[in-house]
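In mature numbering (1 follows the signal peptide of the UniProt record, and there is no 0), the protein residues as written are -25 to -1, 1 to 377.
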């Protein structure tokens, strides 16, 4: 979805991807194979390389999402102003357009930019999210092809579909309700707090809800536009119910930045441990027109050691991961720059001087199962160059370990 693809997702930005149903944008960490060494900066390859570049040059062409089953089997959602949304499939040699069965295409309504792709450990792929009508939608691809998956009865609170693993399919409600698919039946449970999404370990079985609660002792904001004093909250699914896992306030709120804290990413590892990053801030100052200045914020990082959330000690670092189009973090916690892919030809069919100002912009990063690679989806874009401007949809790849 837009956080583990096969294991959760990779969130774009400074941190590993949260959740968000997130369906989200959400990068996901890649845990290198045991035989691989990640000790030094020189172990990382220098640049992205292409696996796909669209032939279209129009504004806003992009790959919005990608799901990788293996190095020879992947799916992508492509969008362009002329063709709207379409599905692509990679067979190990080339990307080709893929036409969905008529019934599924009709249910989606012909528009897929609000949908997400997720590969799960069985090799199956899910297409889920919101159809053009705004209704939640889910379909599953297996050895027999694509088929729609019935969702909980439509009604107040039935919202976004989140796929975390082969047996970990959820529908988040607009309130604190969440539905879990068990066999062919949906079971409703209630979260102990409002969560924007769920996140899981690589198998999809260790499921967490992460969000925020009002800070202990804080008063509700005086009006809806006023800032709210919040603190991070987490809960873990035991197969039957949700259990809160406390996050002590002193771990996320610090002197001078003790008004509110929020979570930017959560990563659950295969061994039951987890990492969380976020930002804590001071109380925003009001502006005369009723608006507020942005809060002054500082980052925080927490580690769940299998028993409790705590500050990481020396030598404890999140897994190696690609953080953005330009940065990666190694297993020692050091960040390194990633080189751009080769310049792609522009509207002239060649790489001109203007074309050398093109930028790589990514919407999704996901690991390739069984390898040290990540693939990413997005676009290359050239702007402010007049007639030379273009946008081309791309899929790129990068090896964390060399």
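Positions of the beta carbon are idealized from the N, C-alpha and C atoms, including for glycine.
>> If distances are taken between C-alpha atoms only, which option among 145, 178, 175 and 171 comes closest to residue 163?
In response: The residue with the shortest Cα to Cα distance from residue 163 is 145.
>> Just to confirm my understanding: we take residue 217, look at its own chain, exclude 5 residues before and 5 after, and list those with CB closer than 8 Å. What are they?
In response: Excluding residues within five positions, the ones whose Cβ falls inside 8 Å are 164, 165, 166, 167, 184, 210 and 211.
>> Please state the DSSP three-state secondary structure of residue 40.
In response: In this structure, residue 40 counts as strand in the three-state DSSP scheme.
> Once you ignore the five residues that flank residue 321 on each side, which residues in its own chain have a CB closer than 8 Å to its CB?
Replying inline: Cβ within range, chain order: 32, 327, 329, 330, 333, 357, 363 and 365.
>> Please list the terminal residues of the continuous alpha helix (DSSP H) segment that includes residue 82.
In response: 77 to 83 is the extent of the alpha helix (DSSP H) around residue 82.
> What are the boundary residues of the alpha helix (DSSP H) that includes residue 224?
Replying inline: Run containing residue 224: 224 to 227, per the alpha helix (DSSP H) assignment.
> What number of angstroms, rounded off, separates the C-alpha of residue 373 from the C-alpha of residue 29?
Replying inline: Roughly 19 Å between the two C-alpha positions.
> What does residue 267 pair with, by DSSP beta-bridge criteria?
Replying inline: In DSSP, residue 267 forms a bridge with 261.
> Given a threshold of 16 other Cβ atoms within 10 Å of its Cβ, counted over all protein chains shown, does residue 71 qualify as buried or as exposed?
Replying inline: In summary, residue 71 is exposed, with fewer than 16 beta-carbon neighbours lying within 10 Å of its beta-carbon over all protein chains present.
> According to DSSP, is residue 363 helix, strand or coil?
Replying inline: It is helical.
>> At a threshold of 7 Å, does residue 319 count as lining the ligand GDP (C-beta to nearest heavy atom)?
In response: Among the components of this structure there are no ligands whatsoever, and the ligand GDP is therefore not found.
> What is the rounded straight-line gap between the Cα of residue 127 and the Cα of residue 64?
Replying inline: Annotation: residue 127 to residue 64 spans about 29 Å, alpha carbon to alpha carbon.
> Which class does residue 62 belong to by DSSP, given the choice of helix, strand or coil?
Replying inline: Three-state DSSP puts residue 62 in a strand.
> Taking the alpha-carbon positions, what's the residue 267 to residue 256 distance?
Replying inline: Residue 267 and residue 256: Cα-Cα distance of roughly 13 Å.
> For residue 48, which beta-bridge partners are listed by DSSP?
Replying inline: Residue 48 has 45 as its beta-bridge partners, per DSSP.
>> So the candidates are 350, 174 and 346; which of them puts its Cα closest to the Cα of residue 337?
In response: Check the Cα spacing between residue 337 and each of 350, 174 and 346: the tightest is with 350.
>> Buried or exposed, going by whether 16 or more other CB atoms sit within 10 Å of the CB of residue 323?
In response: Residue 323 counts as exposed, since fewer than 16 other C-beta atoms from the protein chains shown sit within 10 angstroms of its C-beta.
>> Bridge partners for residue 73 per DSSP, in chain order?
In response: DSSP lists 62 as the bridge partner or partners of residue 73.
>> DSSP three-state label for residue 331, please.
In response: In the structure shown, residue 331 sits in a helix (DSSP, three-state: H, G or I).
> Should residue 97 go down as buried or exposed, given a rule of 16 or more other Cβ atoms within 10 Å for buried?
Replying inline: That one is exposed.
> What are the boundary residues of the beta strand (DSSP E) that includes residue 116?
Replying inline: Element bounds for residue 116: 111 to 117.
> If we count the other Cβ atoms within 10 Å of its Cβ and call it buried at 16 or more, is residue 289 buried or exposed?
Replying inline: It is exposed - the Cβ of residue 289 has fewer than 16 other Cβ atoms within 10 Å.
>> Tell me the rounded alpha-carbon separation between residue 150 and residue 224.
In response: Roughly 24 Å between the two C-alpha positions.
> Among 138, 139 and 124, which one has its Cα closest to the Cα of residue 159?
Replying inline: With distances taken between Cα atoms, residue 159 lies closest to 124.
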